[in-house]
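Before any comments, here is the structure.
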Amino acid sequence: MFSEDNLLPISALQHLLYCDRQCALIHVERLWAENRFTAEGGILHRRAHSGKSDTRPAGRSARGLPVRSLTLGLFGVADVVRYEKGADAPIVPVEYKRGRPKKNDCDRVQLCAQALCLEEMHGRDLPFGEIFYGKTKRRVRVEFTPDLRRTTIDATARLHDLVRSGRTPPADPGPKCDRCSLRELCLPRLGGRVARKAYSFDREIDALLASPSFPGETSS
Amino acid sequence: MKTHLNTLYITTQGAYLGRQGEAVVVRCGKQTLGHLPLHNLAGIVCFGRVGCSPALLGACAEKGVAVSLLTERGRFLASVRGFTSGNVLLRRAQYKIADDPGVVLDVSRRIVMAKVANSRSVLLRTARDCDADDPRGAPLDSAAGRLGASIHELRQADAVNKVRGLEGEAATHYFGAFDALLSPVPDRDAFRFVRRSRRPPLDPINALISFLYTLLLHDARSACESVGLDPAVGFLHADRPGKPSLALDLIEEVRAFLADRLAFSLINRRQVAAGGFVVRDNGAVEMDDGTRKVVLAAYQQRKRDTITHPVLDEATTVGMLLHLQAALMARWIRGDIDAYPPFLWKG
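Protein chains in written order, with full-length UniProt numbering: chain A, 1 to 220; chain B, 1 to 347.
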């Protein structure tokens with residue numbers, strides 16, 4: 001069991017699944033940089049959280065609902081949680097995403113983490129949730145299968161290990177770096193370049209002192 | 001992406017900055033002078049009698065926009081920031097290595113070597129453009145030669161105080177040839193440079209470079225803060241309460257490349273003229289409002305120029321340079337790379 005002081009944000013799971021180093025830069029080094037994608041996401045979430053909770057014949061929707069799990073050591077805010085009417089009617093977390101459905105699991109893991117928090121807080125099982133994608137304007141239903149639960153729990157354990165270690169793993173440069181808002185703080189290619197000894201300050205200085213581009217120089 | 005963002009400089013006396021949604025509104029009296037979205041800004045620098053609403057200060061703190069308050073003449077007074085950003089582990093590592101004499105010697109030596117090399121490149125760049133019979137060629141070449149020798153001596157330096165001593169000597173040689181960087185402009189005599197004077201500047205060139213150094217220092221402080229480093233704990237510059245030592249360390253390597261060259265091109269291209277400087281009773285020289293505005297605009301423009309970063313081997317802007325160097329400093333302190341690589345300008 002985790003104490004309330006040791007909870008990590010659910011959003012960190014997405015960072016972890018995107019890139020271990022990005023996750024460490026944000027949650028260990030405490031760095032953050034906005035780009036268009038993060039800014040748009042931020043505005044969308046502010047909107048999703050700001051609306052009042054509403055009650056309809058089919059049930060209630062709570063917006064911007066704080067959730068946490070002491071078993072997993074996670075906390076976060078669910079965009080919308082739908083409490084449908086009826087004694088055993090399901091509780092359905094709904095997450096809003098600005099983009100379109102992604103190939104990897106990260107959105108489903110985030111939603112599943114919210115569901116695990118809600119299960120702990122309500123003391124009952126949640127069978128499924130929904131993700132609303134802004135680009136496609138489509139609602140995608142996500143079943144909380146044993147596989148997805150396992151993936152989410154494993155990722156959470158790995159997240160706690162990473163943050164506890166206080167170490168930032170080396171970069172594994174790839175196409176994802178070009179879309180990463182932390183590129184200039186991460187300097188992904190640096191590790192490789194230095195490891196290959198492609199850059200040596202002393203050699204650069206020597207080259208500069210001997211530089212043929214300075215024909216005017218008389219002595220050194 | 002952490003890209004080069006603009007800095008908003010407010011020089012209009014009596015201006016008041018407020019917040020409207022996600023934007024800054026600049027007002028003077030009943031007139032609205034401008035509207036700028038906050039997410040486009042890296043910092044706001046207020047000169048003299050400029051007011052800011054608490055709501056704007058709060059929004060800036062939240063978004064990591066540094067707000068600096070300077071006197072009308074550009075002396076730093078205060079800055080308003082949000083929570084200390086960054087990683088406590090990084091700061092602890094920074095304090096620890098700043099206490100290690102071996103590390104301090106090594107990084108100080110590199111920083112000063114880069115500073116001297118870049119000063120030398122500035123002199124040689126002008127020397128290269130001089131005709132054979134140009135009287136400016138000889139002093140530039142000979143000072144560049146002395147600076148080359150300083151770099152070799154720095155390599156052997158075995159104590160930080162030795163490094164600082166050699167830095168001082170190199171600066172004397174550099175500023176000794178400084179006057180030769182000036183083209184034969186019409187009011188050349190008004191722009192004679194004799195020696196470096198700071199408190200106060202005693203001639204227009206000193207006034208110009210001092211002002212540009214202040215702007216660099218604001219940017220370097222912000223760069224340290226945004227990568228999570230403590231701008232007050234440096235290596236080459238010793239700790240003193242209120243002194244931004246690490247920010248001062250960072251600007252050593254870029255002073256000549258960013259500020260000195262800009263100062264001379266402003267004069268050589270006649271964007272500033274001798275008439276734009278005011279001499280006070282005691283000989284102190286100050287820029288007038290018009291000149292200050294020209295310098296700020298030129299500095300902003302310069303920051304948009306693109307360069308290839310020599311270590312990262314990637315295209316970036318001049319305005320990103322201090323941020324990248326601060327990021328490299330943080331990566332070195334966190335152990336990603338085994339030594340800090342200062343910026344070297346290849347002329």
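All C-beta atoms in this analysis are idealised placements derived from N, C-alpha and C, irrespective of residue type, glycine included.
Would residue i be called buried (16 or more neighbouring beta carbons within 10 Å of its own) or exposed?
i      : result
B/S68  : buried
B/V311 : buried
A/A210 : exposed
B/L186 : As written in the sequence, residue 186 of chain B is Pro, which differs from the Leu given in the question. With fewer than 16 other Cβ atoms within 10 Å, it is exposed.
B/E22  : exposed
A/L116 : buried
B/R221 : buried
B/Y213 : buried
B/L218 : Per the sequence shown, residue 218 of chain B should be read as His rather than Leu. By the 10 Å Cβ count, B/H218 comes out buried.
B/K30  : exposed
B/Y340 : buried
A/M1   : exposed
A/T152 : buried
B/N282 : exposed
A/E29  : buried
B/L344 : buried
B/H237 : buried
B/T71  : exposed
B/L322 : buried
B/N161 : exposed
B/G58  : exposed
B/L77  : exposed
B/A117 : buried
A/Q14  : buried
B/P244 : buried
Spatial neighbours of residue i within its chain, please: C-beta separation below 8 Å, excluding the five flanking residues on both sides.
i      : result
B/A127 : R136, G137, L140, D141, A144
B/D158 : L105
B/I307 : A315, T316, T317, V318, L321
Pull the bridge partners of residue i from the DSSP assignment, please.
i      : result
A/V140 : A/I131
B/G148 : None; B/G148 has no bridge partner.
A/Y83  : A/R60, A/I91
B/L69  : B/C46, B/A78
B/L212 : Note: B/L212 sits in no beta bridge, so no partner.
B/L8   : B/I44
B/R19  : B/V24
A/A78  : A/L65
B/P37  : B/A23
A/V109 : None; A/V109 has no bridge partner.
B/I307 : B/T316
B/C52  : B/L17
Write down the C-beta distance between residue i and residue j rounded to the nearest angstrom, noting that I regard them as a contact closer than 8 Å.
i      : j      : result
B/A149 : B/E253 : Actually they are not in contact, since the Cβ atoms of B/A149 and B/E253 sit about 19 Å apart, beyond 8 Å.
B/Y16  : B/G51  : 4 Å
A/G73  : A/T156 : 7 Å
B/L266 : B/A297 : Not really, about 10 Å apart at Cβ, beyond 8 Å.
B/V272 : B/T291 : 5 Å
A/P169 : A/E143 : Wrong, their Cβ atoms sit about 32 Å apart, outside the cutoff.
B/L90  : B/A330 : 6 Å
A/L187 : B/L248 : That pair is no contact at about 23 Å.
A/L162 : A/A58  : That pair is no contact at about 41 Å.
B/I333 : B/A93  : 5 Å
B/R188 : B/L181 : B/R188 to B/L181, Cβ: 12 Å. No contact.
So which residues of chain A does residue i contact, with C-beta pairs closer than 7 Å?
i      : result
B/A117 : I205, L208
B/I44  : Those within 7 Å of B/I44 in chain A number zero; the least Cβ separation is about 17 Å.
B/I151 : I205, L209
B/M113 : I205
Taking residue i as the query, report the chain A residues whose CB atoms sit under 8 Å from its CB, ordered along the chain.
i      : result
B/R110 : F201
B/P341 : Y199, F201
Give me the chain B residues within the contact set of residue i, using Cβ-Cβ distance strictly less than 9 Å, ordered along the chain.
i      : result
A/V163 : Those within 9 Å of A/V163 in chain B number zero; the least Cβ separation is about 11 Å.
A/G174 : Simply none; closest approach about 16 Å.
Could you pull out every residue in the same chain whose Cβ sits closer than 6 Å to the Cβ of residue i, ignoring the five residues on either side in sequence?
i      : result
B/R27  : Y16
B/P342 : R110, I111, A114, E253
B/S226 : none
B/L33  : V26
A/L70  : M1, F2
Can you find the residues in the same chain that come closer than 7 Å, C-beta to C-beta, to residue i, ignoring five residues on each side of it along the sequence?
i                      : result
residue 262 of chain A : Nothing can be reported for residue 262 of chain A, as the shown portion of chain A is limited to 1 through 220.
B/A177                 : L123, P139, L140, A143
B/I337                 : R331
Would you mind telling me which residues of chain B sit closer than 8 Å to residue i, beta carbon to beta carbon, in chain order?
i                      : result
residue 273 of chain A : Residue 273 of chain A lies beyond the stretch modelled for chain A, which goes from 1 to 220, so this question has no answer here.
A/V28                  : N87, L89
A/G59                  : In chain order: nothing, as chain B lies at least about 34 Å away.
A/G166                 : L89
Please determine whether the Cβ atom of residue i lies at a distance below 7 Å from any heavy atom of the ligand FAD.
i      : result
A/K103 : This structure does not include the ligand FAD; it has no bound ligands of any sort.
Taking Cβ-Cβ distances shorter than 9 Å, what residues in chain A pair up with residue i?
i      : result
B/V227 : E29, L31, L185
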